[in-house]
Amino acid sequence: MIVEPLELGEEGALPGPLLTELTELYASNREFQQLSGEFPDPDDIRPEQVAASLADELAQPGAEVLVARSAGRVIGIAVTLAHHPDPDDPDPWIGLLMVHSRDHRMGFGRELTEIVEKRFRALGRTGVRLAVLDNNRKALSFWRSLGYAEFARRRDLRLGRDCVVLRKPL
Numbered sequence: 001m002i003v004e005p006l007e008l009g010e011e012g013a014l015p016g017p018l019l020t021e022l023t024e025l026y027a028s029n030r031e032f033q034q035l036s037g038e039f040p041d042p043d044d045i046r047p048e049q050v051a052a053s054l055a056d057e058l059a060q061p062g063a064e065v066l067v068a069r070s071a072g073r074v075i076g077i078a079v080t081l082a083h084h085p086d087p088d089d090p091d092p093w094i095g096l097l098m099v100h101s102r103d104h105r106m107g108f109g110r111e112l113t114e115i116v117e118k119r120f121r122a123l124g125r126t127g128v129r130l131a132v133l134d135n136n137r138k139a140l141s142f143w144r145s146l147g148y149a150e151f152a153r154r155r156d157l158r159l160g161r162d163c164v165v166l167r168k169p170l
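What the sequence shown shows, in our numbering, is residues 1 to 170, in sequence order.
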């Protein structure tokens, strides 16, 4: 697996072929899209919607979007935040980690998570947090299997959805 920061093209645009692959990645995770409500129609996710979503992520201070590839194709994405918007929160966050549905259960999610954790550890960070929608049982099971433990329960800042906040010491 090769993981690289997302590079925007001229005028802040994503290169067309990459945007096509990222749109396919997002669309392949229909169940998650349906739970999250991020896109109006989880059966019709458009490139311009994905581009806008990623631009919103990158507009946050300390945000980074990492694109994971294997055998030359996009297999996953991770969105990280160096600092949560809450100034009392000392940990970096994983805002999104998604693997293409065709590649589920092949270890790519675990590997991408390890890469993200290693990057934070190299920066001297001592823990990492993330929030999972409380109705996303598969994601909760995945994160717990990687050593993340429930830290708190709260509503997300953007859409007010019930979430479980998980933390893992690094």
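Glycine residues also receive a C-beta, built at the ideal position from the N, C-alpha and C atoms.
Out of the options, which has the shortest C-alpha to C-alpha gap to residue i?
i	options	result
D91	M106, C163 and K168	K168
S101	P15, L14, Q33 and A52	Q33
E7	K138, R119, D41 and A63	A63
R158	Q60, T20 and E31	Q60
V80	T20, R30, E57 and N29	Here residue 80 is Thr; the residue named in the question, Val, does not match the sequence. When only C-alpha atoms are compared, the closest one is E57.
L123	A82, P40 and E11	A82
P5	L166, R125, P42 and G76	G76
F142	L97, T126, R121 and T20	L97
G9	A55, T126 and V3	A55
G109	E11, L66 and F151	L66
Going by beta carbon distance, what residues of the same chain come within less than 8 Å of residue i, once the five residues before and after it are set aside?
i	result
C163	A131, V132, L133, D134, R153, R154, R155 and D156
D89	H83 and R129
R144	L166
L35	L133, N135 and N136
Measure how close the beta-carbons of residue i and residue j come, nearest whole angstrom, since I'm counting them as under 8 Å.
i	j	result
M1	A78	So it is not a contact: roughly 11 Å between Cβ atoms.
L171	A71	As shown, the chain starts at 1 and ends at 170. That puts residue 171 outside it, with no answer to give.
V74	L22	6 Å
V116	L170	That pair is no contact at about 10 Å.
Here's a check: name, in chain order, each residue in its chain whose Cβ is nearer than 6 Å to the Cβ of residue i, leaving out the five neighbours to either side.
i	result
H84	W93
R161	L133
Y148	L166 and K168
R121	L170
E111	M1
If I measure Cβ to Cβ from residue i and keep anything under 7 Å in the same chain, skipping five residues before and after, which residues do I get?
i	result
L140	V132 and V164
D103	I75
Give me whichever residues DSSP pairs with residue i in a beta bridge.
i	result
T113	Answer by DSSP bridge pairing: none, since T113 is not bridged.
I2	R69
D103	Beta-bridge pairing links D103 to no other residue.
L133	C163
Can you tell me the Cα-Cα spacing of residue i and residue j, whole angstroms?
i	j	result
L25	G107	16 Å
P17	R137	33 Å
G37	E31	10 Å
P42	K118	32 Å
E48	T20	10 Å
R95	R125	According to the sequence displayed, residue 95 carries Gly and not Arg. Cα to Cα, the separation comes out at about 16 Å.
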